[in-house]
Amino acid sequence: MIKTETLSTLKYGGLIAAAGVLLGPPAACATESPEFLEEIVVTAQKREQSINEVGIAVDVLSGSDLRSTRSFQLRDIATQSPNLNIHGPFGENGYPEITIRGMNADSFQQSAPQAAGTYVDGVYLSNPPLTAFQLFDLDRVEVLKGPQGTLYGRNTTGGAVNFHSRKPTFETEGYAQIGYGRYQRTDFEAALGGALSDTVAGRFALKTVQQSDGPLKNLFNGAREGEIDKTAWRAQLLFQPRDQLQVLLNLHGGQDKSDTWRFSQIPAFTPGSSDLCADFIAGNRNAAIANCRDLAGYHDTDGDKYTNSVDTIGNNDTDAVGGFVQVNLQTGIGTLTSLTAYDTLERKEFYDEDGGPFVLINSVRETDMDQFSQEVHLTSAADGPLTWIVGAYYGTDTLEGPPDVSSDFSDWFGGVIDLFFQLDTDTWAVFGQSEYALSDTLSLITGLRWSHVEREVDYAETFNGPVTFAGEEDLDEGDWSGKIGLDYQPTDDVLLYGSISRGFNAGTFNTAFVGNQAGLQPTDAETLIAYETGFKATLADGTAQLNGAVFFNDYDDMIVTSIEDLGVNAPVLRNAEGASIFGVELQLFWRPTDNLDIRLGGAYLDTELEELILQDYMNGGVARDYDGNRLANSPEWSFNGLVRYNTALPNGMTLVLQSDFLWEDEIFRDLQNEKILASQDHWLVNGRISLTPADDKWDLSVWGRNLGDEQWVTEAFQVVGAGIAGVTWSYPRTYGVSAEWKF
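Everything in the sequence shown is counted per this note's numbering, starting at 1 for the first residue and increasing by one.
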């Protein structure tokens with residue numbers, strides 16, 4: 001059986017993923033038999049539980065391992081979680097968009113619904129750019145797969161990603177890590193916490209990444225691009241005036257002044273005409289770059305994916321700040337929790353979206369965001385056959401584009417279009433979930449949530465100054481989500497589970513190139529019925545863990561992004577008839593000896609779109625039903641893993657060799673499944689060699705990422721009216737050294 005430790009004393013080792021168990025820390029020397037894998041305690045159901053007793057597919061990654069694997073961005077965790085795909089709509093340095101088990105709207109519009117909810121210490125983040133400042137000084141990241149609508153509610157038809165920061169303790173502790181790598185990149189992360197008095201503890205954490213060079217070169221002016229200037233911080237105070245009461249105050253913020261990641265152009269026109277080029281239609285990118293042209297007659301000629309000729313070097317200008325107060329009060333019937341939070345963000349980004357030296361599409365994207373939320377829930381004590389949680393939630397957020405997009409089309413049709421909007425959203429919800437032991441081995445889980453959503457949008461468009469359209473709209477709708485499941489545990493080492501869940505995501509508004517009042521009408525809400533069965537089994541006398549899940553999702557009225565001709569090729573949010581999604585996930589965590597940790601994961605995902613009529617821009621824009629196509633950002637097959645070997649040296653030190661890797665099948669980046677925009681199958685292999693002393697107080701390492709220097713498309717779009725498609729390429733090979741001190 002797996003041995004148990006409390007959350008406060010749990011020592012994390014190698015990376016783990018879905019529904020798995022964290023691999024323990026390296027041993028200084030081998031013993032006759034391998035150590036047990038250590039238990040993981042999670043709060044996926046808003047109470048502390050062993051991960052092997054939770055009938056949910058949960059992936060967990062510890063904070064120390066995020067540092068050891070150089071996971072600086074949210075998309076890095078996707079390399080260790082099957083059926084999780086995270087990409088940046090605006091490239092390497094842009095904000096992340098999360099796809100879990102094939103579900104997401106995949107839009108450049110910030111008003112698009114997110115199928116995966118993101119939460120930091122229980123606080124829902126209503127805007128994806130806020131997640132860019134969270135990946136530091138973490139206790140763990142939990143990825144919950146499948147609808148989580150009962151306890152989490154907002155935007156969780158696909159799942160939820162929960163960040164759990166390291167909390168203050170009354171023991172002095174901390175660490176500092178510094179690294180230097182290719183492209184003159186310096187990163188620094190540190191945290192320090194401890195008692196300030198008998199009843200007050202504090203913790204402060206800081207992370208900064210500074211990079212003065214980059215892999216991109218602009219032939220237009222000879223400049224290098226790809227500089228990074230990003231800093232995030234978090235300050236916490238824990239008040240514990242008596243054993244039954246805890247008050248946690250959290251203040252946090254971040255700033256990003258990095259270069260934006262440039263789009264590379266794939267020209268679409270036959271030279272001398274506005275007809276689509278045969279190589280573009282066939283999806284042959286290299287031939288299209290060589291033989292086709294954009295509207296201005298340009299094409300790239302040097303064959304280097306990281307070298308281009310653009311008239312503008314883009315940059316980010318993002319500032320975020322926020323805080324929350326969490327109160328936990330132990331009562332006679334359970335724990336009463338109040339969580340009050342506020343966050344604000346200002347974002348302004350510049351892009352040369354046509355990827356060439358002419359001003360076909362140069363844009364400024366700007367967002368001001370404010371959000372406030374209040375949640376109160378009561379969690380029963382863990383004793384007895386019945387455990388339960390009941391609660392209520394209120395959230396309000398304002399998303400404003402002043403303007404959201406300012407697009408300069410000077411060399412296309414001689415003007416600038418500005419798109420302004422303000423989107424206000426208010427959400428109320430009540431929820432409850434219970435678990436009842438029907439017998440010593442069988443438990444029934446039931447949950448229900450009612451959500452009510454109100455949205456109001458105020459929208460306007462201008463062309464070269466004058467207003468060309470303005471309008472207002474609102475929606476008011478409510479619906480329920482919930483879950484019923486059975487957990488069967490015939491022995492302490494085996495859990496079998498099955499569940500049926502319903503997810504709900506409210507409708508939303510288009511906020512780009514709307515044009516008229518009809519275009520401002522809201523989408524319908526989307527709903528999802530998910531069926532899942534799985535197992536978690538501890539094997540080989542506690543030295544191995546095997547987990548698996550099979551699921552089927554029936555998606556109705558799915559909100560998707562279509563590219564339509566509205567004078568320009570614009571992304572439009574609309575409802576598809578739905579989609580069917582079938583998948584399998586299997587993972588193995590194994591410690592064959594004290595010197596060797598192995599984690600392997602694989603996933604199969606079959607996604608099928610149902611009745612969606614879109615314009616076929618490869619065939620003159622005629623209407624076509626794309627029924628049967630695959631969903632975007634959803635590889636059919638994927639495989640990931642981590643292998644770590646440690647050996648004792650004669651001087652008492654330990655040498656650790658570690659490699660983590662990911663292979664993904666072909667990924668379509670649009671619902672039309674166009675080859676010109678697709679990502680080819682690819683490997684990502686990272687490595688690390690480190691040296692630690694017997695007391696584990698410091699660590700010196702040499703590391704490398706994308707060791708094979710693989711190149712694949714990470715995002716893509718098309719604007720065939722301007723004769724282009726735009727793609728972003730993966731980050732090339734990087735390497736460096738780092739040092740960490742623990743105290």
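Ideal Cβ positions, reconstructed from N, Cα and C, are used throughout, including at glycine.
Alpha carbon of residue i to alpha carbon of residue j, nearest angstrom
i, j, result
"LEU631", "ASN328", "42 Å"
"ASN162", "VAL143", "6 Å"
"ILE266", "TYR298", "10 Å"
"TYR175", "LEU192", "7 Å"
"LYS697", "HIS682", "37 Å"
"LEU360", "GLY179", "40 Å"
"LEU66", "MET618", "43 Å"
"ASN315", "GLU225", "10 Å"
"LEU657", "TYR531", "40 Å"
"SER690", "SER363", "44 Å"
"PRO129", "ASP229", "16 Å"
"ALA290", "ASN547", "48 Å"
"LEU386", "ARG502", "23 Å"
"LEU125", "SER638", "28 Å"
"ASP709", "VAL685", "9 Å"
"ALA512", "GLY222", "34 Å"
"TYR555", "GLN114", "15 Å"
"SER338", "GLN240", "15 Å"
"GLU227", "PRO732", "14 Å"
"LEU399", "GLN545", "44 Å"
Residue burial classification, residue i (beta-carbon count within 10 angstroms, cutoff 16)
i, result
"GLU740", "buried"
"TYR735", "exposed"
"LEU495", "buried"
"ILE445", "buried"
"GLY332", "exposed"
"PHE136", "buried"
"THR441", "exposed"
"PRO82", "buried"
"ASN595", "buried"
"ASN553", "buried"
"ILE313", "buried"
"PRO215", "buried"
"THR199", "exposed"
"ALA105", "buried"
Which listed residue (the options) has its alpha carbon closest to that of residue i
i, options, result
"GLN211", "ALA201, TYR531 and TYR183", "TYR183"
"ASP256", "GLY158, ASP699 and LYS348", "LYS348"
"GLN109", "ALA570, VAL584 and ARG624", "ALA570"
"GLN371", "PRO385, PRO732, LEU657 and ALA341", "ALA341"
"PHE220", "ASP627, PHE358, PHE743 and ALA540", "PHE358"
"SER451", "PHE504, ASP311 and LEU588", "PHE504"
"LEU614", "THR607, TYR604 and ASP627", "ASP627"
"VAL713", "ASN52, SER81, GLU48 and GLU92", "GLU92"
"TYR152", "ALA429, VAL568, PHE639 and GLY515", "ALA429"
"GLY485", "TYR497, ASP479 and THR491", "TYR497"
"ASP426", "GLU610, TYR555, SER738 and ARG154", "ARG154"
"ALA201", "LEU249, VAL209 and GLU53", "LEU249"
"ALA549", "ALA460, ALA579, ASP541 and TYR604", "TYR604"
Beta-carbon proximity check, residue i vs residue j, cutoff 8 Å
i, j, result
"SER730", "GLY687", "no"
"ASP404", "GLU366", "yes"
"GLN73", "PRO96", "yes"
"GLU526", "THR157", "yes"
"LEU776", "GLU456", "Outside the shown range of the chain, which is 1 to 743, sits residue 776, and nothing can be said about it."
"PHE421", "ASP476", "no"
"ARG285", "ASP352", "no"
"THR379", "GLY334", "yes"
"THR260", "GLY401", "no"
"LYS217", "THR131", "no"
"ALA268", "ARG234", "no"
"ILE77", "LEU61", "yes"
"ALA537", "MET558", "no"
"SER738", "SER701", "yes"
Within-8 Å CB hit, residue i to chain C
i, result
"LYS536", "Protein chain content of the structure displayed is limited to a single chain, and chain C is not contained in it."
- Message: Whether or not the stretch 117-127 and the stretch 559-574 are in contact is what I'm after, with contact meaning three or more pairs of Cβ atoms, one per stretch, closer than 8 Å; do they touch?
- Response: no
- Query: When the Cβ atoms of the stretch 374-390 are set against those of the stretch 424-435, are three or more pairs found closer than 8 Å?
  - Reply: yes
- If we count Cβ pairs, one from each stretch, closer than 8 Å, do we get three or more for the stretch 273-282 versus the stretch 82-101? no
- Message: Is it the case that the stretch 587-605 contacts the stretch 635-644, given that we only count it when at least three CB pairs across the two stretches are under 8 Å?
- Response: yes
- Validate contact between the stretch 56-63 and the stretch 140-160 using beta carbons, cut 8 Å, 3 pairs: yes
- Query: Pairing CB atoms from the stretch 316-323 with CB atoms from the stretch 290-307, are three or more of them under 8 Å?
  - Reply: no
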